[in-house]
Amino acid sequence: MPNKDHGRSEKKFETKLIHFGGEVDRATGASSVPIYQASTFHHYDIFNPPKHDYSRSGNPTREALEEYIAVLEGGTQGFAFSSGMSAISTTFMLLSAGDHIIVTEDVYGGTYRLLTTIMSRMNIETTFVDMTKPEQVKAALKPNTRAVYMETPSNPTLKITDIADISAWAHEHGLLSIVDNTFMTPYYQRPIELGADIVLHSATKFLSGHSDVLAGLAVAGNDEVGRQLKYLQNGLGTVLGAQESWLLMRGMKTLGARMAHSEISARKLADWLDERSDIDAVYYPGLPDHPGREVQEKQSTGYGAVVSFDVGSEDRAKRLLSEVKLPLVAVSLGAVESILSYPAMMSHASMPKEVRAERGITGGLLRFSVGLEDIGDLIADLDQALKRS
110 MPNKDHGRSE KKFETKLIHF GGEVDRATGA SSVPIYQAST FHHYDIFNPP KHDYSRSGNP
170 TREALEEYIA VLEGGTQGFA FSSGMSAIST TFMLLSAGDH IIVTEDVYGG TYRLLTTIMS
230 RMNIETTFVD MTKPEQVKAA LKPNTRAVYM ETPSNPTLKI TDIADISAWA HEHGLLSIVD
290 NTFMTPYYQR PIELGADIVL HSATKFLSGH SDVLAGLAVA GNDEVGRQLK YLQNGLGTVL
350 GAQESWLLMR GMKTLGARMA HSEISARKLA DWLDERSDID AVYYPGLPDH PGREVQEKQS
410 TGYGAVVSFD VGSEDRAKRL LSEVKLPLVA VSLGAVESIL SYPAMMSHAS MPKEVRAERG
470 ITGGLLRFSV GLEDIGDLIA DLDQALKRS
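Mind the numbering: the sequence shown is residues 110 to 498 in this note's numbering, read in order.
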């Protein structure tokens, strides 16, 4: 089991989740940051403009959230967006026509779609590689390469990329290193401390934790990157609203408790699945034979709450989905309720079938995001569904 010491000489991470610096309203002492449901702000002195003038450029509620995630990730500045894909697409706008980016091959389907059907029209080129093999990353370098984009653990086959190793190589070549940290969250993994320049989150998932907010977050590792992201956020207008910002902060306060509980259950589920003879493959970095376990333990303090497994065929996967009773059968993950997803028809439906096959995303692959239910009940439900499918 990885070391649970988060390496902070100051407040521990669980304390920072509650006491992040902006948890009390300075004007009134309110225990919750107010929702500033305002689009514009009065200028009392036209010759000395106020800090806030228009909510696209800055809203006090959103700013509290942005400071919150920057503290948790150890970055210089945070940015809140209207969705995870909004955070990702805005970050990709740091690139220019003619640039090239190296990307994790089994990346989230929405990211794959953005790169292959939208960014490609802007003459931004992508090479997808297996980032568990650093030699493939290095071989993909071109004169016009500008960034490396890591997703670790990858979605949905949970491959592990060595963030420190790839980030160090990227910096040697003057490249931006970008990490999607959605699955681990800063509770288990902080890429900026490992050398990454930008960390991204679909905050809809574990950070929110309640299947009721659509949001994305980005954190800059240095002031110059932060300045560029701020310019893009304001220029593109891809901001998160005040209400959603408040809801997201409320969800994040319980991140530690939720992640710790769900990870314990996920490890039990992965072990149970791994012992079954009717399961073709189980993907979870906490399993003893997972090829990325050593790297995971080096750079993270846990294994996460997502388990993927292959039941052998498309027909069996679909029968199982119709038989389970407890988890939601749905897109998304990271909620208090367990969510069972079918990547081939959900998160990765936009990826061509032959491309999915190359990346191990088969018709029999299922992704289980473990929630807060009793793990015995979840296993019993999955057991009856497997027997019926």
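No residue lacks a Cβ here, since even glycine has one placed at the ideal position from N, Cα and C. Only a predicted model underlies this, so the values are computations on that prediction, with no experimental measurement involved.
Evaluate residue i with the Cβ neighbour count: other Cβ atoms within 10 Å of its Cβ, from every protein chain shown; 16 or more gives buried, anything less gives exposed.
i    : result
P158 : exposed
I287 : buried
I178 : buried
V180 : buried
E260 : buried
T235 : buried
R135 : exposed
A248 : exposed
D419 : buried
Y340 : exposed
P461 : exposed
E353 : buried
H282 : exposed
K120 : exposed
T149 : exposed
A139 : exposed
Y392 : buried
S276 : buried
A84  : Lying outside 110 to 498, the shown extent of the chain, residue 84 is not represented and no answer is given.
S229 : exposed
G344 : exposed
Q405 : buried
P295 : buried
Under 9 Å, do residue i and residue j count as touching if we go by C-beta distance?
i    : j    : result
G485 : P262 : no
S447 : G480 : yes
R425 : N264 : no
A206 : N232 : yes
L72  : D289 : Any question about residue 72 goes unanswered here, given that the chain covers just 110 to 498.
D387 : L487 : no
W381 : L174 : no
L435 : E482 : yes
A379 : G401 : no
V142 : M455 : no
A458 : G472 : no
E176 : G130 : yes
V322 : S164 : no
E432 : S498 : yes
R468 : T170 : no
G350 : S191 : yes
I'd like the list of long-range same chain contacts for residue i, defined as Cβ closer than 6 Å, with 5 residues on each side in sequence excluded.
i    : result
A279 : V257 and S286
Y273 : Going by the sequence as given, residue 273 is Ala instead of Tyr. The residues are L303 and G304.
G184 : I301, V328, A329 and G330
L491 : none
R376 : G395
H161 : F150 and G167
Which same chain residues, not among the five before or five after residue i, have their C-beta less than 7 Å away from its C-beta?
i    : result
H319 : G360, A444 and V445
K73  : What is shown of the chain runs 110 to 498, which leaves residue 73 out entirely.
D332 : T185
V238 : I211, E214, Q245, V246 and A249
S311 : G193, T291 and G325
H399 : Y393
V438 : L430 and L449
I144 : T170, A351, Q352 and W355
Roughly how many angstroms lie between the CA atoms of residue i and residue j, to the nearest whole one?
i    : j    : result
G218 : T137 : 44 Å
S371 : I155 : 52 Å
T366 : K314 : The question names Thr, but residue 366 in the sequence shown is Ala. Roughly 15 Å separates the two Cα atoms.
P300 : L430 : 35 Å
T200 : N253 : 18 Å
F188 : Y221 : 22 Å
L204 : G346 : 18 Å
E123 : T213 : 30 Å
Y451 : H152 : 52 Å
R117 : H128 : Residue placement at R117 is flagged as unreliable, the pLDDT there being 42, under the threshold of 50; the coordinate-derived value follows with that caveat. Taking the straight line joining both Cα atoms gives about 15 Å.
Q298 : S409 : 5 Å
L284 : I210 : 9 Å
Q146 : L224 : 34 Å
D306 : S478 : 28 Å
P243 : K268 : 13 Å
L442 : T363 : 16 Å
G421 : E403 : 28 Å
T270 : M240 : 6 Å
S417 : L474 : 7 Å
Q337 : V464 : 33 Å
M368 : A390 : 24 Å
I216 : I470 : In the sequence as displayed, the identity of residue 216 is Val instead of Ile. Going by the C-alpha atoms only, they are around 11 Å apart.
Examine the ligand FMN and report whether any of its heavy atoms sits within less than 8 Å of the Cβ of residue i.
i    : result
Q408 : By its list of ligands, the structure shown contains no ligand whatsoever, and the ligand FMN lies outside what it can speak to.
Secondary structure, beta strand (DSSP E): runs of 3+ residues fully inside the segment 394-469: 415-419 and 448-450
4-residue-minimum alpha helix (DSSP H) runs that sit fully inside the segment 152-209, ordered along the chain: 169-182 and 193-201
Complete runs of the beta strand (DSSP E) confined to the segment 324-402 [at least 3 residues]: 325-329 and 390-392
Segments of 4+ residues assigned as alpha helix (DSSP H) that fall wholly inside the segment 277-304: 294-297
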